Amino acid sequence: MGFQVTTCPGCACGCGVLLEEERGVLIAAYPVSSHPVSKGSLCIRGWNSVDSWRHPDRLTTPLVREDESLLAVSADEALERIFSPLKEAAPGSICFAVAPSTSNEDILAILRLAHYLRARVCGFDFSGVPTARRALTSVLGRHYCSSSLTVLQNAQLIWMFGADVDNYPQVASALTTAESNGAQVVSFDTFAEPDKKRRVQVFVPPEEFGLLPVLLQKCALERGYILPSVASRPGFGRLAAQYQDRSWLPSSSILREQRIRELVASFSTSPDSAVIIGDRWLTTGLRALEQTSQLLQALALLGVEDRLVIAAGEANSWGLADLLAPHESDSRILAGLLNGDTSDIAVLVTCGDDLLRSAPCPGNLEEALGLVGTVIVLDRFRNGLIPFADAVLPSVSFAEMDATVTNTFGMLQRWRQAVTPPGEARPERAWLGLIASRLGLKSWPGTPLEWWMTEEGASSPYDGSGVRLLYETNGRAEWLLREETNLTLVRPSGSLTSRTPEDRSVQAIFTRHPANWMTGAWSDRNEILRRESAEQVLGVSQPDLDEKGIKSGGRVRLVTQEGSAVFVARADGRLPQGLVSLAEVTGSREIPRSLLAGSEEGFSFQPVPCRLEKV
Amino acid sequence: MSANSLYVPQLSRIERIERETPDTRTYFLSGLGIDWRRDYRPGQFVELSVFGIGEAPFCLSQSPSRADYLEVTVRKTGTLTNRLNSYEPGDTVGLRGPFGNCFPFDRAKGKNLLFVGGGIGLPPLRSFINYVLDHRQDYGEVRVFYGARTPADRVYKNELAAWHDSDQLRLTETVDQADGSWNGHVGVVTRLLRGLEVDPEQTMAFTCGPPIMLKFVVAELLALKLAERNIITTLERYMKCGVGKCGHCCVGHHYICVDGPVYNFEQIRFLPETP
Amino acid sequence: MDRLILRKSDVQAFLESFLADYRVVAPRHIAGSDFVFDDYRPGQEVRFDFVNTLVPPKNLFFQARETLFQISGTVHPTILPKPSAKPLAVFGLRSCDASGLAFLERFFAQRGFEDDTVTARIRSSLRMVLSCHTPGDNCFCVCCDGGPALTSGFDLQLADLGNRLLAEVGSESGRAAVRRRPDLFSAATDADYSEKVRQLAAVDQTFNRRSYISSGMKRISLARLTEEFWQDCAADCRGCGGCCFVCPTCSCFSVTDKPDDEDHYRRERWRDACLYEGFTREASGHNPRARKAERLKRRFFHKLSYQYVELMGRHGCVGCGRCVTTCMGKLGIPDFLARVHDECK
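As you go down the protein sequences, you meet chains A, B and C in turn.
Residue numbering for the first sequence is 1 to 615, as defined by the numbering used here.
Residue numbering for the second sequence is 616 to 890, as defined by the numbering used here.
Residue numbering for the third sequence is 891 to 1235, as defined by the numbering used here.
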């Protein structure tokens, strides 16, 4: 029997997990009571993180495409196949797309090879973390949110913005602790939580996600008490003046300024308050980046920016954001792909989990993938990307490698190898090393720690001696970044205003839970995962169903300006009238392109006006 | 590991398969050396293994008094039953059991018996009906009511024809939706019970079928003044081990696989989460 | 009961005497304040300074995942039996866990069906229980007939008297164990025994947690808790299943076949949790316990009702406190019972 302490790959909380193996087979996962984030608990994903380690869809051999099918081949044959397109591709026409489930060391390896090939690198992280990171750095001068969940546990007043904390159970647990100590929770969101009766719920339609922080700032400024450290910032005077001129302030159809004023008045600047920003906030609404920046600014005006938890991200979303930051990560590549435009990509190498599964526009992306010259996939499971692959290289799960990942609090933690990878599976850095060697790049680090001693590692924000400590000591999570807020005030633009909805009966919004647990761990037990593509379910409020005479479980056609699609309608008690929600977008081409739009700043799901028809 | 291990199935060959409806087949299973016949009672079930997938419980649908083979009637519903649907005679499955309690065939002696079955609820009843027919002198009047969605969805069509012809019992059938060939009753099976002439003291009723059907059937039987303890059904639950260990089939403090699946309605009143 | 003295410095030698014919297991430090029951390696330091492991030792006997047997082929299969394993000698079990094992032994053997893997493992094992003299923050065995010391359910019960242990022999296996190294044992004096008794009385006073267990059991058994109460609990429950996995008396499992390769399968039994949404879902899709509130109600009924006491001879909580540690929604048993108490005030 063997035990190994590692970190759960389920989300950006990064709970400590103890893996049990027997004769080379992973048996079970358990919590670790002395872990600072999880303190002896795990969510359903963590408990089941090894259940399908030997799933039938696990990739164990390299594959290459021969006519219509993929054939299992040796590593050498696969590398042969990959070698020519990479060698022949013009500079800049190779693109590495990196998933947020990829470990730091593997990302460093990708950067090294990409640099050598003059390839472009982009992260495909749709969890909202890229947006959060950009807003945090530009407004608060920080890279991460506050230090830990204790800011929530000790709070007496907690505000939540677009936070579906059920998907971040440690955050939900901290809320439960706070509420059991008498804390009041106020939730600003589009979705109601009918069973959370003690919470104050403020309905914010998605098109007013941009307006809410503006109102918060206005009310905070009017209240008159602003921390001296904020009032003395450059630009404060101009900001205050802007709010005194009311002409640019948009009017709201839903948010009531008086209500916001009351809430702000009760939100004291005492250390007993805390805030959660969730992935729904970061990915929904008109302009995700600007609304997040303005929200952070509002929080600074309210004096709470140091007690902020961002409940968003996958296993290594924050590490990916850290490591891509010094390099030119071209988000236009991804935007292009999501709009079906692949004109300048000759070779696409995807590293990590299924890009299709988490992308907002899988239908568009499928079209794009069909047009890219060569698609090389490095992944752990057979999934939606495989039909487009020209070559597939099997990679390893979190339990089969030594590496580091970074959580939402900026804690660098270890993944420790507990079992040998099956078949030919090996870490991305090993595959890339073989490719690099063939292409003439001989300098390639061997151990995980050596990656931090490279140029790529040195240009990362991490402290090498801290990383060494992680590799040399046992079971300790190290803080690597000590942060202080350095506020830069930004004036809100007029374009945050809500659109006047055109003649429409409902709006559709798309929520996806991005926390992706495909990082080599896939539970066949839990419904969240839903491997078999079920019929697409559209959540509809009961009043809207009644109005159209549609029964819950019946079929409905959603009609937009650019087309329509048929769904199964289900009554959803969390939705207000006038809003429908598509919770999970599978790779179905029936979804019209118009329904799923990205924005330049990031991937936000703008609400789309549409009509419901009974089928 | 001994051959008596609780979870190791006995191998059983499929000797014959009969297609009952488009999605239901009856499998005739031999014991490969083990004489199962003596060891089971009507109402009991077996855990059937489809190797490579797992196990599922199926009631034994033939009376032990005429079991040349063990018979299970299976409708294609999920992963395991879908795979089983691709099996051919000669293929081997696994069996564990028989498990569970059985129909109260002793207490029923001398009584008039009413059987009310809906759709795939007929198989468990049929094991008892045939048992009764094989011990005919021990029992009073026998009436069978069977309802299916359509004529094609009726199981045991040959047997139903034989029962219609037999003077040992009276069979009345109904379908929800008729087709051109049907000239029997149309409507739900509960309608057939309305106004039935019975002697409540002397009658026991046995009913199996979808939960919604049971609700209405029981209401009709109570209206006929039958005592709750004389209305008997089988409780359905997701089962895994069949031996009262895995916990899936627990209802209140009962394990359906050990304390049931056969229950009378007086008992059911005391169990939570039951119709 | 035989009472002997074993010096702490001799425990290592004592454990090593079992290595040839037992799988010896003892608590090992793994990280921070976490210990885990793991294979004892010769020369390994024996630790007495742990409170308890978060991974319950029930997992040595009722594994989180185990192969029941292997199958070769599908439609024309051959069943390959599992190789047998050495019996377990477990050192450092706490009283709560020993009570849990006695509970599982009874459960897996009753109703006329004996699970020959779990019960055989428990019965063939050598259980060396280390009584607690310092309870953990979340422990409440005193309320649950689960400790801090036992009168039965052990082969050897060891009380920590500083540099030595007072060993009480509780079975023939325990006696045989002592006979392996009689040179390491000496007779205990009355003073030694009095010291143990004094210690036991003292530790009783030091528990942080008490639980309203009797009144709670009554209300659960008589179904006096409202739908709204269960809904409130469900709002806090995260559905992780952790309480089931850490509990020394929980035993629910499921069984499926998993492929080893194209022609070979394993039939695996793996831990399952009644709190999981799919636990009672039938093939038709119908789910009698579709709502979390219903599943919570079921869990506590199973753990704490008189109806189950009748089946098992005792209620299902040994007071180990692990559910308190692991629950993210403050629904560990003592916290839950406090809610019941508040509800019915």
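Ideal Cβ positions, reconstructed from N, Cα and C, are used throughout, including at glycine.
All of these numbers come straight from a predicted model, not from anything done at the bench.
First and last residue of the uninterrupted beta strand (DSSP E) at Q960 (chain C) = Position 70 of the third sequence, counted from the start, is the residue given in the question as residue 960 (chain C). R955 to S962 is the span of the beta strand (DSSP E), which, as asked, contains Q960 (chain C).
Check the Cβ of Y30 (chain A) against every Cβ in chain C and list those closer than 7 Å, keeping chain order.
-> Residue mapping note: residue 30 (chain A) aligns to position 30 of the first sequence, counting from 1. L944 and V945, listed in chain order.
Is Y622 (chain B) close to chain C, meaning its C-beta is less than 8 Å from at least one C-beta of that chain?
-> For the purposes of this step, residue 622 (chain B) is identified with residue 7 of the second sequence, where counting begins at 1. By this cut-off, Y622 (chain B) is an interface position.
With 8 Å as the threshold, decide whether the Cβ of R54 (chain A) is near any Cβ in chain C.
-> Your numbering for residue 54 (chain A) matches position 54 in the first sequence. Yes, its Cβ sits closer than 8 Å to a Cβ of chain C.
Sequence-distant residues of its chain with Cβ nearer than 7 Å to G278 (chain A) (five each side left out) = The sequence position of residue 278 (chain A) within the first sequence is 278, counting from 1. Apart from sequence neighbours up to five positions away, the residues of its chain that approach G278 (chain A) with a beta-carbon distance below 7 Å are M160, F161, G162, A163, D164, V165, A311 and A312, ordered along the chain.
Local Cβ density within 10 Å of P91 (chain A), reported as buried at 16 or more and exposed below that = Counting from one through the first sequence, the residue named residue 91 (chain A) turns up at place 91. Its Cβ having fewer than 16 others within 10 Å, P91 (chain A) is exposed.
Taking DSSP as the reference, what is the three-state secondary structure of I871 (chain B)?
-> Taking the first residue of the second sequence as 1, we reach residue 871 (chain B) at position 256. I871 (chain B) falls in the helix class under three-state DSSP.
From R438 (chain A) to D379 (chain A), what distance separates their C-alpha atoms?
-> Sequence index remark: in the first sequence, residue 438 (chain A) carries index 438 (1-based). Sequence index remark: in the first sequence, residue 379 (chain A) carries index 379 (1-based). Whole-angstrom Cα-Cα distance: 21 Å.
Tell me, please, whether the CB atom of I961 (chain C) is closer than 8 Å to any CB atom in chain B?
-> To locate residue 961 (chain C), count along the third sequence from 1; it is residue 71. Chain B, which has a Cβ nearer than 8 Å to the Cβ of I961 (chain C), makes this yes.
Can you list, in chain order, the residues of its chain whose CB lies under 6 Å from that of V537 (chain A), leaving out five sequence neighbours each side?
-> As a working mapping, residue 537 (chain A) is identified with position 537 in the first sequence. These residues qualify, in order along the chain: V568 and R570.
Quick one: using the 10 Å Cβ neighbour count with 16 as the cut-off for buried, is Q291 (chain A) buried or exposed?
-> Translated into positions along the first sequence, residue 291 (chain A) becomes position 291. Classification for Q291 (chain A): buried.
Could you list the residues in the stretch 394 to 415 of chain A with a C-beta less than 7 Å from some C-beta on chain C, going in chain order?
-> Listed in chain order, the positions of the stretch 394 to 415 of chain A with a beta carbon within less than 7 Å of a beta carbon of chain C would be empty, since no residue qualifies.
Start and end of the alpha helix (DSSP H) containing N745 (chain B)?
-> Translated into positions along the second sequence, residue 745 (chain B) becomes position 130. Run containing N745 (chain B): L737 to D749, per the alpha helix (DSSP H) assignment.
Using a beta-carbon distance below 8 Å, is Y626 (chain B) in contact with chain C?
-> Counted from its first residue, the second sequence places residue 626 (chain B) at position 11. Sequence inspection shows Leu at residue 626 (chain B); the Tyr mentioned does not correspond to that position. With 8 Å as the cut-off, L626 (chain B) counts as an interface residue toward chain C.
Hey, which unbroken runs of the alpha helix (DSSP H) at 4 residues or more fall wholly within the stretch 1078 to 1116 of chain C?
-> Unbroken alpha helix (DSSP H) stretches of 4 residues or longer found wholly inside the stretch 1078 to 1116 of chain C: 1080 to 1094 and 1103 to 1111, given in chain order.
Does the beta-carbon distance from T406 (chain A) to N316 (chain A) come in below 8 Å?
-> Indexing the first sequence from 1 puts residue 406 (chain A) at position 406. Indexing the first sequence from 1 puts residue 316 (chain A) at position 316. T406 (chain A) is a Cβ neighbour of N316 (chain A), given a cutoff of 8 Å.
Distance, Cα to Cα, Y655 (chain B) vs L685 (chain B)?
-> In the second sequence, counting from the first residue as 1, residue 655 (chain B) sits at position 40. In the second sequence, counting from the first residue as 1, residue 685 (chain B) sits at position 70. Cα to Cα, Y655 (chain B) sits roughly 10 Å from L685 (chain B).
Of the listed residues C:S907, C:E995 and C:V965, nearest to S1141 (chain C) (C-alpha basis) | Along the third sequence, read from residue 1 onward, the residue named residue 1141 (chain C) stands at position 251. Comparing Cα-Cα distances from S1141 (chain C) to each of C:S907, C:E995 and C:V965, the minimum goes to C:E995.
Distance, E1158 (chain C) Cα to Y30 (chain A) Cα = Against the first sequence, residue 30 (chain A) aligns to sequence position 30. Against the third sequence, residue 1158 (chain C) aligns to sequence position 268. Each residue's alpha carbon lies about 19 Å from the other.
Select from the stretch 139 to 159 of chain A all residues with a C-beta closer than 8 Å to any C-beta belonging to chain C, and list them in chain order.
-> none
Supposed close pair V1008 (chain C), G1209 (chain C) - CB separation, criterion 8 Å = As a first step, residue 1008 (chain C) must be located in the third sequence, where it is residue number 118. As a first step, residue 1209 (chain C) must be located in the third sequence, where it is residue number 319. With 8 Å as the limit, V1008 (chain C) and G1209 (chain C) do not qualify as a contact, their Cβ atoms being about 22 Å apart.
Hey, is the stretch 434 to 448 of chain A in contact with the stretch 108 to 117 of chain A, meaning 3+ C-beta pairs nearer than 8 Å?
-> yes
Report the option in C:H1176, C:R1229, C:T1216 and C:G1203 whose CA atom is closest to the CA atom of E851 (chain B).
-> Your numbering for residue 851 (chain B) matches position 236 in the second sequence. If we check each option's Cα against that of E851 (chain B), C:H1176 comes out closest.
Thinking C-alpha only, which one of C:A1173, C:H1154 and C:T957 is nearest G963 (chain C)?
-> Residue mapping note: residue 963 (chain C) aligns to position 73 of the third sequence, counting from 1. Among C:A1173, C:H1154 and C:T957, the Cα nearest to that of G963 (chain C) is on C:H1154.
D544 (chain A) vs V580 (chain A) beta-carbon contact at 8 Å = For the purposes of this step, residue 544 (chain A) is taken as the residue at position 544 of the first sequence. For the purposes of this step, residue 580 (chain A) is taken as the residue at position 580 of the first sequence. Yes, these two residues count as a Cβ contact at 8 Å.
Beta-carbon neighbours of A953 (chain C), restricted to chain A and to distances below 7 Å = Locating residue 953 (chain C) in the third sequence gives position 63, counting from the first residue. Residue identity check: residue 953 (chain C) is Gln in the sequence provided, not Ala. Within 7 Å Cβ-Cβ: I27.
Excluding five sequence neighbours on each side, which residues of the same chain lie with their C-beta closer than 6 Å to the C-beta of E843 (chain B)?
-> What you label residue 843 (chain B) is simply residue 228 of the second sequence in a count that begins at 1. So the qualifying residues of the chain are F880 and E881.
Any contact of the stretch 811 to 822 of chain B with the stretch 720 to 736 of chain B, i.e. 3+ C-beta pairs under 8 Å?
-> yes
Beta strand (DSSP E) segments (min. 3 residues) lying fully within the stretch 961 to 1022 of chain C = As summarised for the stretch 961 to 1022 of chain C, the continuous beta strand (DSSP E) elements at least 3 residues long and confined to that stretch are 968 to 970, 978 to 983 and 1016 to 1020, given in chain order.
Apart from the five residues on each side of it in sequence, which residues of its chain come closer than 6 Å, Cβ to Cβ, to E788 (chain B)?
-> Within the second sequence, numbered from 1, the residue matching residue 788 (chain B) stands at position 173. Excluding residues within five positions, the ones whose Cβ falls inside 6 Å are Y761 and G799.
At least three beta-carbon pairs within less than 8 Å, the stretch 936 to 953 of chain C to the stretch 981 to 988 of chain C | yes
Please classify Y225 (chain A): is it buried, with 16 or more other beta-carbons within 10 angstroms of its beta-carbon, or exposed?
-> Position 225 of the first sequence, counting from 1, holds the residue named residue 225 (chain A). The residue in question, Y225 (chain A), is exposed, as its Cβ has fewer than 16 Cβ neighbours within 10 Å.
Pairing CB atoms from the stretch 833 to 842 of chain B with CB atoms from the stretch 627 to 634 of chain B, are three or more of them under 8 Å?
-> no
Give a yes or no on whether 8 Å exceeds the smallest Cβ distance from C861 (chain B) to chain C.
-> The residue given as residue 861 (chain B) occupies position 246 in the second sequence. With 8 Å as the cut-off, C861 (chain B) counts as an interface residue toward chain C.
Enumerated in chain order, which unbroken segments of the alpha helix (DSSP H) with a length of 4 residues or greater are wholly contained in the stretch 930 to 954 of chain C?
-> 948 to 951
For the alpha helix (DSSP H) holding G563 (chain A), just list the boundary residues, first then last.
-> As a first step, residue 563 (chain A) must be located in the first sequence, where it is residue number 563. From DSSP, G563 (chain A) is part of no alpha helix (DSSP H) but of the beta strand (DSSP E) over G563 to A571.
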